[in-house]
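In my numbering, the protein residues as written are -15 to 148.
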């Protein structure tokens, strides 16, 4: 009996720790297109603001590197041609430039349920899109600013792509 209760508890713990959102992206909508992201210079100085009780500290993330990683991972997952560039590019029929401006990064601690929100402005050739990238998760051991920021940025990129 004790074994069954422990097994059920472990299964609920595993299921309860997953956080997934569904965005419907069609890679074929971006066939022949290349999306090139670049980080607006002022964004590189953003710091992670922490709210709520927490312990420990991790170093501030390298926003250029975390943005590049989030784009590379999402490109692999979606099979959409996306890359990061240190410099801005000009739009063409096959290139969609996106300038990313990270306005602020909030890491909210609420017991074992934590959230990282990133307010992002995506500057496209014809419009400005404001999005909040979010990563909600349950934590029992530790988390890093860079890891959670990457997941929040990926959420923001997914929202941007689904808005096309």
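The C-beta atom is built at its ideal place from N, Cα and C for all residues, glycine as well.
- Under the three-state reduction of DSSP, residue 102 is assigned to strand.
- DSSP, reduced to helix, strand and coil, places residue 144 within a helical segment of the structure shown.
- The alpha-carbon separation between residue 47 and residue 28 amounts to approximately 6 Å.
- The C-beta distance from residue 93 to residue 36 rounds to 3 Å, short enough to fall under 8 Å.
- Straight-line measurement puts the Cα of residue 60 at about 18 Å from the Cα of residue 82.
- Below 8 Å, enough C-beta pairs join the region 101 to 111 and the region 68 to 85 to call them touching: three or more.
- Put simply, the backbone Cα of residue 117 is about 20 Å away from that of residue 96.
- As DSSP reads the structure, residue 21 sits in a beta bridge with 68 and 82.
- With distances taken between CA atoms, residue 112 lies nearest to 147 out of 147, 121, 16 and 136.
- Each residue's CA atom was taken as its position, placing residue 42 and residue 114 some 28 Å apart.
- Around residue 144, the same chain offers 106, 113 and 115 as residues with beta carbons nearer than 7 Å, after the five sequence neighbours per side are excluded.
- Taking a C-beta distance under 8 Å as the contact criterion, residue 55 and residue 21 qualify as a contact pair.
- Shown here, residue 131 sits in a helix according to DSSP, grouped into three states.
- Between residue 64 and residue 73, the C-beta gap is not smaller than 8 Å, which leaves the two residues out of contact.
- In the three-state reduction of the DSSP assignment, residue 26 falls in the helix class.
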